[in-house]
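Enquirer:
Protein chains: 2
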Amino acid sequence: MPHSCFADRLGDLITLTPVERAALSALEDRERRLRRGAILISENDRLSELYILKQGMMMSYVLLHDGRRQILRFLYPGDMMAMSALAFGTSPETMMALTEVVVGSFDRVVLAKLLADHPRMASAIMALDQIKRVSLTDRLAAIGRTSAKARVAALLLDIRNRLRRGDPAIADSFHPGITQEEIGDATGLTAVHVNRMLRQLEEEGLIARDGGRYTLLNEQRLVRAASYVDRYAQANLGWLPAAE
Amino acid sequence: MPHSCFADRLGDLITLTPVERAALSALEDRERRLRRGAILISENDRLSELYILKQGMMMSYVLLHDGRRQILRFLYPGDMMAMSALAFGTSPETMMALTEVVVGSFDRVVLAKLLADHPRMASAIMALDQIKRVSLTDRLAAIGRTSAKARVAALLLDIRNRLRRGDPAIADSFHPGITQEEIGDATGLTAVHVNRMLRQLEEEGLIARDGGRYTLLNEQRLVRAASYVDRYAQANLGWLPAAE
DNA sequence: CGCGTAATTGATATCAATCAAGATGAGTGG
DNA sequence: CCACTCATCTTGATTGATATCAATTACGCG
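Going line by line, the protein sequences match chains D and E.
Just so we're aligned, residue 1 is where the first sequence starts under the working numbering, counting upward by one.
Just so we're aligned, residue 1 is where the second sequence starts under the working numbering, counting upward by one.
Set out below in structure tokens:
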């Protein structure tokens with residue numbers, strides 16, 4: 001049976017049957033490779049396929065008139081991308097590879113078919129969507145109502161947690177693989193100010209940095225400073241009836 | 001056949017069969033009334049039901065440690081609420097009535113059953129979710145990367161468009177029914193600064209105000225100033241196979 | 001009429017942006 | 001192996017947008 005990154009992700013939430021896993025793997029068999037910096041879909045491009053990130057790291061962002069950029073989300077293996085294809089004919093956002101990546105693609109009609117054949121997957125995918133939505137509202141609240149330092153701290157915590165999901169060996173030390181400018185574009189700050197906030201976090205003994213590597217020295221205080229909540233860890237799909 | 005606000009909403013996107021409409025109306029038959037200011041669900045309350053707003057206006061928000069508030073969304077008739085119940089046992093946000101309201105409620109298991117029995121509804125509800133998600137990312141970009149004036153303008157445009165969806169008679173003049181403090185909590189600004197921004201928009205001839213009533217005097221310039229996009233108007237579910 | 005909430009306005013403070021220069025470091029071509 | 005280049009990071013000085021503080025004023029409502 002072919003391996004499915006997306007099934008692994010769903011499998012963290014519910015127990016999947018072999019039949020369900022097989023059905024999900026159909027979402028990934030059309031593979032495509034991208035180099036670092038390559039764009040999978042640009043804002044306003046025609047859109048009818050969805051993608052699953054299988055290897056590497058990507059991000060999605062929008063550009064404003066004045067050239068400023070807002071990064072909407074960093075994407076890791078198992079993440080479904082371009083779900084907006086379900087509602088729109090053109091993409092509302094740009095998706096770019098931050099490393100070499102492998103993505104699987106499938107037509108939106110294939111997803112509709114999957115939902116029809118495996119209704120339990122429909123509920124599970126919707127639940128997964130809700131986790132993403134709540135994470136997004138957390139970020140909205142962070143940008144709207146918290147300090148620059150808190151936003152940077154929250155982003156570091158979030159990236160570490162998401163990396164750890166793909167590699168449980170990761171503890172307090174990790175390599176986000178993004179620039180300070182990207183941290184700024186994700187948190188609504190300038191690169192210069194991100195630099196100062198990182199320095200402050202460092203001086204306060206909350207983090208350490210070396211090259212592109214970050215170490216969380218006091219996770220508890222960091223979580224408190226950032227008002228950070230790991231929504232994925234809180235998820236609970238116990239209410240969903242087991243598969244037959 | 002009982003009337004369903006949610007079916008009306010979905011019906012804007014796809015043509016529903018009478019059978020589908022009947023199934024959707026099951027999501028609303030358990031009615032509940034709330035007075036202005038009443039709280040439907042508080043942050044961290046146990047959660048196992050979903051709701052559909054049938055009449056009136058609500059909002060959802062989160063509170064931070066320091067008492068600051070971030071309003072996540074204003075809710076209008078036809079909006080499904082508390083979908084986070086699909087993924088979490090407790091609510092990540094508070095939902096409060098801004099006027100007298102009527103809501104319908106149903107258990108999350110009922111939704112799972114509906115998705116199983118009517119797979120086309122599963123795709124349509126997911127598409128509707130995507131519209132909401134993209135609107136949320138628009139707001140994220142606005143708060144992260146645009147000026148106070150642009151954010152206030154965008155909120156006014158959005159509220160007008162959403163009110164108009166419920167009442168096509170609404171043109172350029174409308175009554176949002178929210179305070180300047182609430183505008184601030186939705187846009188990440190203080191009430192004082194919202195007041196100044198409204199005044200500026202007024203002085204520039206973009207809007208007029210009278211009591212709680214707002215009039216858009218130059219919608220085109222306002223849309224430009226706000227970089228506003230009406231995602232709901234752009235939605236297109238043409239790819240979804242018609243019902244049999 | 002009186003009370004409480006919301007709106008308004010001015011003065012001042014603060015956080016983060018902008019502007020300006022280096023410093024560091026990883027490729028790259030000679 | 002070195003000189004060069006470009007991106008990234010770093011730091012200081014200054015500006016600017018928005019917050020905060022402090023009164024008033026207007027208004028809906030009992």
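Backbone N, C-alpha and C define an ideal beta-carbon position, used for all residues, glycine too.
Taking DSSP's pairing of strands, which residues face Ile41/E in a bridge?
Expert: Looking at the DSSP assignment, Ile41/E forms a beta bridge with Met95/E.
Enquirer: Quick check: the Cα distance between Phe174/E and Arg160/E, rounded to an integer number of angstroms?
Expert: If I take the Cα positions, the gap works out to 7 Å.
Enquirer: May I have the straight-line CA-CA distance separating Leu237/D from Leu136/D, to the nearest angstrom?
Expert: Between Leu237/D and Leu136/D, the C-alpha separation is close to 20 Å.
Enquirer: With 9 Å as the threshold, decide whether the Cβ of Glu245/E is near any Cβ in chain D.
Expert: Summary: the structure shown does not reach residue 245/E, with chain E confined to residues 1 through 244, and so no result is reported for it.
Enquirer: Glu49/E and Leu63/E - do their beta-carbons sit closer together than 9 Å?
Expert: No, these two residues do not count as a Cβ contact at 9 Å.
Enquirer: Name the residue from Gln220/D, Glu219/D and Arg199/D whose alpha carbon lies nearest to the alpha carbon of Asp210/D.
Expert: Among Gln220/D, Glu219/D and Arg199/D, the Cα nearest to that of Asp210/D belongs to Arg199/D.
Enquirer: What does DSSP give as the partner residue(s) for Leu210/E in the beta ladder?
Expert: Rather than Leu, the amino acid found at residue 210/E in this sequence is Asp. DSSP, once it has assigned bridges, lists Arg213/E as partnering Asp210/E.
Enquirer: Identify the continuous beta strand (DSSP E) that holds Met126/E and give its terminal residues.
Expert: Counting along the chain, Met126/E falls outside any beta strand (DSSP E), though it belongs to the alpha helix (DSSP H) covering Pro119 to Arg145.
Enquirer: Start and end of the alpha helix (DSSP H) containing Ile159/E?
Expert: Residues Ala148 to Gly166.
Enquirer: I believe Leu246/D touches Gln130/E by the beta-carbon criterion, under 8 Å. Please report the beta-carbon distance rounded to the nearest angstrom.
Expert: Beyond the ends of chain D as shown, which are 1 and 244, falls residue 246/D; an answer cannot be given.
Enquirer: Just list the residues that DSSP pairs Asp107/E with in beta bridges.
Expert: Glu49/E, per the DSSP bridge assignment.
Enquirer: Pull up the DSSP beta-bridge partners for Thr90/D, would you.
Expert: Answer is Arg46/D.
Enquirer: Look up Tyr61/D in the DSSP assignment and say whether it is helix, strand or coil.
Expert: Residue state, collapsed to three classes: strand.
Enquirer: Quick one: does Ile125/E have its CB under 9 Å from some CB of chain D?
Expert: So, interface residue.
Enquirer: Who does Glu246/E pair with in a DSSP beta bridge?
Expert: The displayed coordinates of chain E run from 1 to 244. Any statement about residue 246/E would go beyond what the structure contains.
Enquirer: For the segment 1–19 of chain E, which residues have a beta carbon sitting closer than 7 Å to at least one beta carbon of chain D?
Expert: Going along the segment 1–19 of chain E in chain order, one finds no residue with a Cβ nearer than 7 Å to chain D.
Enquirer: With H, G and I counted as helix, E and B as strand and the rest as coil, what does DSSP make of Ile183/D?
Expert: Of the three classes helix, strand and coil, the one that applies to Ile183/D here is helix, per DSSP.
Enquirer: By the 10 Å Cβ neighbour count, where 16 or more other Cβ atoms means buried, how is Gln70/E classified, buried or exposed?
Expert: It is buried - the Cβ of Gln70/E has at least 16 other Cβ atoms within 10 Å.
Enquirer: Over what stretch of residues does the beta strand (DSSP E) that includes Leu237/E continue unbroken?
Expert: Counting along the chain, Leu237/E falls outside any beta strand (DSSP E), and DSSP gives it neither H nor E.
Enquirer: If distances are taken between C-alpha atoms only, which option among Arg151/E, Gly177/E and Ala124/E comes closest to Tyr228/E?
Expert: Measuring from the Cα of Tyr228/E, the nearest candidate turns out to be Arg151/E.
Enquirer: Would Leu16/D and Ala233/D qualify as a contact pair, given that the criterion is a beta-carbon distance under 9 Å?
Expert: Against a cut-off of 9 Å, the Cβ pair of Ala233/D and Leu16/D comes out as no contact.
Enquirer: Along the segment 49–62 of chain E, what residues have a CB closer than 8 Å to any CB found in chain D?
Expert: Answer in chain order: Val62.
Enquirer: With a 10 Å radius around its C-beta and 16 neighbouring C-beta atoms as the bar for buried, classify Ala171/D as buried or exposed.
Expert: When all chains shown are included, Ala171/D counts as exposed.
Enquirer: Which chain D residues sit within Cβ distance under 7 Å of Gln220/E?
Expert: The premise fails here: Gln220/E is roughly 15 Å from chain D at the closest Cβ pair, so nothing lies under 7 Å.
Enquirer: Using a Cβ cut-off of 9 Å (strictly closer), state whether Thr146/E contacts chain D.
Expert: Yes, Thr146/E lies at the interface with chain D (some Cβ there is under 9 Å from its Cβ).
Enquirer: Which class does Leu189/D belong to by DSSP, given the choice of helix, strand or coil?
Expert: The answer is coil: DSSP assigns Leu189/D none of H, G, I, E or B.
Enquirer: Name, please, each residue of chain D whose Cβ falls closer than 7 Å to the Cβ of His249/E.
Expert: Only positions 1 to 244 of chain E appear in the structure, and residue 249/E is not among them; the question remains open.
Enquirer: Give me the residue from Asp138/E, Ile39/E, Pro18/E and Leu111/E with the minimum Cα distance to Ala226/E.
Expert: Closest option to Ala226/E, Cα to Cα, is Asp138/E.
Enquirer: Does the CB of Ala75/E have a neighbour CB from chain D at under 9 Å?
Expert: Looking at the sequence itself, residue 75/E is Leu, so the reference to Ala does not match. Judged by the 9 Å Cβ criterion, Leu75/E is not in contact with chain D.
Enquirer: Give me the subset of the segment 227–244 of chain E whose CB atoms are less than 9 Å from a CB atom of chain D, sorted by chain position.
Expert: Answer in chain order: Ser227, Val229, Arg231, Gln234, Ala235, Asn236, Leu237, Gly238, Trp239, Leu240 and Pro241.
Enquirer: So who's on the other strand from Leu173/E, going by DSSP bridges?
Expert: Reading off the sequence shown, one finds Ser at residue 173/E, where the question assumed Leu. DSSP, once it has assigned bridges, lists Thr215/E as partnering Ser173/E.
Enquirer: Which class does Leu24/E belong to by DSSP, given the choice of helix, strand or coil?
Expert: Reduced to three states, the DSSP call for Leu24/E is helix.
Enquirer: Going along the segment 112–123 of chain E in order, which residues come within less than 7 Å of chain D, judged by CB to CB distance?
Expert: So the list reads Ala112, Leu115, Ala116, Pro119, Ala122 and Ser123, given in the order they occur along the chain.
Enquirer: Is Arg73/D helix, strand or coil when you go by DSSP?
Expert: Correct three-state label for Arg73/D: strand.
Enquirer: Cutting at 6 Å between CB atoms, please list the residues of its own chain near Phe74/D, excluding the five before and the five after it.
Expert: Here the set comprises Met59.
Enquirer: Whose CA, out of Gly37/D, Val110/D and Ile14/D, lies closest to the CA of Met83/D?
Expert: Measuring from the Cα of Met83/D, the nearest candidate turns out to be Val110/D.
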